[in-house]
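Novice: Okay, here's the structure, questions in a sec.
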Amino acid sequence: MDQKNSAMLLGLGLDNQDGHKRITQGDDFYLVGGSEETHEKMVETTIRFHEKLDRKGKVLSDLSRDEFHDMMREAAEK
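My numbering puts the first residue of the sequence shown at 1412, with every later residue one more than the last.
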């Protein structure tokens, strides 16, 4: 990650009961933990979120707090 794009999305799942370590990472996100179902939901939401960012021609660090919350809420609803 470069200085210009210094924002990072962190997803943390706390419902893991099977002891399996789940980690998914990208250029500006890091998803850790959760049950298989929870981790998959975090991955799918992150993909939809980044698709929205791409359509807007923005990167994570470009977003205001409100814009981030709105986009994340929309991505999580599907």
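We put the beta carbon where it would ideally sit given N, CA and C, even for glycine.
From this set, Leu1474, Val1470 and Gly1445, which residue's C-alpha is nearest Gly1430's C-alpha?
Specialist: If we check each option's Cα against that of Gly1430, Gly1445 comes out closest.
Novice: For Leu1442, count the other beta carbons within 10 Å of its own beta carbon; 16 or more makes it buried, fewer makes it exposed. Which is it?
Specialist: Flag for Leu1442 reads buried.
Novice: Would you mind sorting Leu1423 into buried or exposed? The rule is 16 or more other CB atoms within 10 Å of its CB.
Specialist: The residue is exposed, with fewer than 16 neighbouring Cβ atoms inside 10 Å.
Novice: Am I right that Thr1456 and Ala1418 are in contact with their C-beta atoms under 8 angstroms? What's the rounded C-beta distance?
Specialist: With 8 angstroms as the limit, Thr1456 and Ala1418 do not qualify as a contact, their Cβ atoms being about 17 angstroms apart.
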